[in-house]
Amino acid sequence: SVDHPSASGLYVVTSDQGSVLGPSSSHPLLLQADKVNKLSSCPCCRRQSVYCQPSSLCQWITHLLLACVLSLVVGAVFWDLPSSDPLLLQADRLGYHYTMMCVVGAILLPLVAITRTHDTDRLAAESDIRSNLYSRFMYIFVATVVSGPASMLVWVGFIIPAYAMTGLYNQGPGNDAFNPYIGYMLVYLCTLQCLVTLISYLCPGRLSAVLLTTLAVLGLSLVCGYPVHRHDLPAPLDTHLAVASPARWILPSLAAREYADDALVASAAQHICKKNQVQRQDIIVQLPCPSPDGLAALSYHGLQLPGALPLSLSYPPYVPPLVLAVVCLLLIPAAYIFSSHCYKLKNRRRNKY
1 SVDHPSASGL
11 YVVTSDQGSV
21 LGPSSSHPLL
31 LQADKVNKLS
41 SCPCCRRQSV
51 YCQPSSLCQW
61 ITHLLLACVL
71 SLVVGAVFWD
81 LPSSDPLLLQ
91 ADRLGYHYTM
101 MCVVGAILLP
111 LVAITRTHDT
121 DRLAAESDIR
131 SNLYSRFMYI
141 FVATVVSGPA
151 SMLVWVGFII
161 PAYAMTGLYN
171 QGPGNDAFNP
181 YIGYMLVYLC
191 TLQCLVTLIS
201 YLCPGRLSAV
211 LLTTLAVLGL
221 SLVCGYPVHR
231 HDLPAPLDTH
241 LAVASPARWI
251 LPSLAAREYA
261 DDALVASAAQ
271 HICKKNQVQR
281 QDIIVQLPCP
291 SPDGLAALSY
301 HGLQLPGALP
311 LSLSYPPYVP
321 PLVLAVVCLL
331 LIPAAYIFSS
341 HCYKLKNRRR
351 NKY
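Under full-length UniProt numbering, the first residue of the sequence shown carries the number 1, and numbering increases by one thereafter.
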């Protein structure tokens, strides 16, 4: 018979002789009680999923506000770059792109990616998976797809304010640099987020995930060509690790747009050189500054296309990072299932002793 629920909220099954049936028994009453327990746990799971939605929304709003604040700080540091560095002597344009991609962007990655891999939602999902409500693959697939638009909004809030404050979009006759820059940065940040998520699912805890992903992002950012010159890198790093670095593919493409002739000519036309003066009938006329040589500056930093790219491909530079992102997305369910089975084996060995 199926008795009343016990103190733990589960129903206890006893045989006709009064003995309690164990979980390994195949008695029909035990199977019936198992179904009753699963049905009784469904409202609890539903209430838990409903109650966790406000906290998830607050967490997303916090990430978005933090991204906007960090973007404003970076924009204040690199304010009006065409006016502050018109002759390309300080490499502030490259410094801005590297700061956004590999310094400040790396600060947001643990918040956006790692907090979703080791939080209370994963524990609740494991409980539902043990109850056979859905599979691990379905959970990780839906969680990855649903979190994509929210993460992209956070990255857009991080990209736009700083780029608008630098004034780099207002170069050239068309002033159409905003959309390509947002596209390149979204490809880079989303690819790096997929890679960090994959590594985080393979780690046992949040601290180990932060340490391992920090080392991975640091290694990939060092081979992008700006902090360490390409010719100073060891040959294995410049040929093998650079292929897997999204920054190595995206940074030269962004630098090529900033150092293009039309952008530099439009920037130089807005400034007057005090040393470049012509006297006409006792009137001193100040002429515009000559535009600097962008190709020479890119060649000096080792970022001139196509030599700065790790491989000579006929595809656009954003295609290899997208391929890396797709590969990471395909490996994320396998990494989640593998780590879950490892945790199960570890817990079984611990329970034996």
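All C-beta atoms, glycine included, are put in the ideal place defined by N, C-alpha and C.
Given a cut-off of 8 Å on the beta-carbon distance, is the pair residue i and residue j in contact?
i: residue 199; j: residue 336; result: no
i: residue 301; j: residue 94; result: yes
i: residue 250; j: residue 188; result: yes
i: residue 267; j: residue 82; result: yes
i: residue 294; j: residue 252; result: no
i: residue 210; j: residue 332; result: no
i: residue 184; j: residue 254; result: yes
i: residue 325; j: residue 191; result: yes
i: residue 147; j: residue 122; result: no
i: residue 206; j: residue 341; result: no
i: residue 221; j: residue 102; result: yes
Could you round the C-beta distance between residue i and residue j to whole angstroms and report it? I think they count as a contact, below 8 Å.
i: residue 111; j: residue 63; result: 6 Å
i: residue 158; j: residue 71; result: 5 Å
i: residue 60; j: residue 165; result: At roughly 24 Å, the Cβ-Cβ gap does not stay under 8 Å, so residue 60 and residue 165 are not in contact.
i: residue 339; j: residue 134; result: Their Cβ separation, rounded to whole angstroms, is 18 Å, which puts residue 339 and residue 134 out of contact at 8 Å.
So, with DSSP's three-state summary, where would you put residue i?
i: residue 118; result: coil
i: residue 91; result: coil
i: residue 338; result: helix
i: residue 312; result: coil
i: residue 307; result: coil
i: residue 8; result: Caution applies to residue 8, whose pLDDT of 44 falls short of 50 and renders its modelled position unreliable; the value that the coordinates give is listed next. It is coil, neither helix nor strand.
i: residue 158; result: helix
i: residue 47; result: Caution is warranted here: a pLDDT of 45 is assigned to residue 47, below 50, making its placement in the model unreliable, and the coordinate value is therefore given only provisionally. Residue state, collapsed to three classes: helix.
i: residue 355; result: Since the first residue shown for the chain is 1 and the last is 353, residue 355 is missing from the structure and cannot be characterised.
i: residue 215; result: helix
i: residue 201; result: helix
i: residue 188; result: helix
i: residue 293; result: coil
i: residue 434; result: Only positions 1 to 353 of the chain appear in this structure, which leaves residue 434 out of reach.
i: residue 113; result: helix
i: residue 227; result: coil
i: residue 148; result: helix
i: residue 236; result: helix
i: residue 321; result: helix
i: residue 300; result: helix
i: residue 85; result: coil
i: residue 168; result: coil
i: residue 135; result: coil
i: residue 267; result: helix
Here's a check: name, in chain order, each residue in its chain whose Cβ is nearer than 8 Å to the Cβ of residue i, leaving out the five neighbours to either side.
i: residue 39; result: Note on residue 39: pLDDT 48, under 50, position unreliable in the model; the coordinate value appears next. None.
i: residue 161; result: 68, 71, 72, 75
i: residue 229; result: 301, 302
i: residue 180; result: 257
i: residue 318; result: 183, 184, 187, 249, 250, 253
Is there at least one Cβ from chain C nearer than 8 Å to residue i's Cβ?
i: residue 113; result: Going by chain labels, chain C is absent from the structure shown, which holds only one protein chain.
Identify, in the order they occur along the chain, each residue of the same chain with its Cβ nearer than 6 Å to the Cβ of residue i, setting aside the five sequence neighbours on each side.
i: residue 328; result: 194, 195, 198
i: residue 217; result: 106
i: residue 88; result: 292, 297
i: residue 305; result: 252, 256
i: residue 316; result: none
i: residue 104; result: 70, 74
i: residue 320; result: 249
At a cut-off of 7 Å, would you count residue i as near the ligand HEM, judging by its Cβ distance to the nearest heavy atom?
i: residue 237; result: In the structure shown, the ligand HEM is absent, as is every other ligand, since no ligand is present at all.
Kindly list the residues whose CB is nearer than 7 Å to the CB of residue i, restricted to its own chain and excluding five residues on each side of it in sequence; keep chain order.
i: residue 99; result: 74
i: residue 248; result: 223, 224, 225, 242, 310
i: residue 125; result: 139
i: residue 264; result: 291, 292, 294
i: residue 144; result: 329, 332
i: residue 231; result: 302
i: residue 96; result: 78, 81, 166
Validate contact between the region 221-240 and the region 62-81 using beta carbons, cut 8 Å, 3 pairs: Taking a contact to require three or more Cβ pairs closer than 8 Å, the region 221-240 and the region 62-81 do not qualify as touching.
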